[in-house]
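Chemist: For the sequence shown, position 35 matches number 35 in the UniProt record's numbering, and the numbering has no gaps at all.
Ideal Cβ positions, reconstructed from N, Cα and C, are used throughout, including at glycine.
All values reported here derive from a predicted model rather than from experimental measurement.
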Amino acid sequence: MEWRNELDLYESGLQVCPNNAKIHYNIAKIMADNGDINRATVNYINALRLNPTYENAMNNLANIYLKYDRNIEAEQLLRKAIKIRPSFAAAWMNLGLAQLAQKRYKVNI
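1) Is it the case that the Cβ atoms of Asn94 and Leu78 are separated by a distance below 7 Å?
2) Specify, as a first and last residue, the run of the alpha helix (DSSP H) that Lys29 falls within.
3) Quick one: what does DSSP say Gln15 is sitting in, helix, strand or coil?
4) Taking DSSP as the reference, what is the three-state secondary structure of residue 118?
5) So, does the CB of Lys80 fall closer than 7 Å to a CB anywhere in chain B?
6) Figure out for me which residue from Gln15, Ala47 and Leu66 has the closest Cα to the Cα of Ala101.
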């Protein structure tokens, strides 16, 4: 089979390996980049269901939540991601944005 694009490749992979968190994550990234937020969200959630310590999926799903004012949920995901990988700079930055959106200006780590 010939794949026309990345999405075709990952969707084909999902047929063979439906329980692969990385495939769900990659589909989610493509969907988010294409503006299909619903499919991106579903695939990030699936990636996290399959791999609950997938910090990149947590960060990216938190970014979606931030765009839709789901700031508390975003903060929870970001705190988990940081706990898993304390050096995760993007998650720290996004945590600050989540707290700013909640008008929480005091540093509370």
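Modeler: Let's see:
1) Reading the sequence shown from its first residue, position 94 is the one you call residue 94. Reading the sequence shown from its first residue, position 78 is the one you call residue 78. Leu78 is positioned such that its CB atom lies closer than 7 Å to that of Asn94.
2) Position 29 of the sequence shown holds residue 29. Residues Ala21 to Asp33.
3) As a working mapping, residue 15 is identified with position 15 in the sequence shown. Reduced to three states, the DSSP call for Gln15 is helix.
4) There is no way to answer for residue 118, as the model of the chain reaches only from 1 to 109.
5) Within the model displayed, chain B is absent; a lone protein chain is all it includes.
6) Taking the first residue of the sequence shown as position 1, residue 101 is located at position 101. Closest option to Ala101, Cα to Cα, is Leu66.
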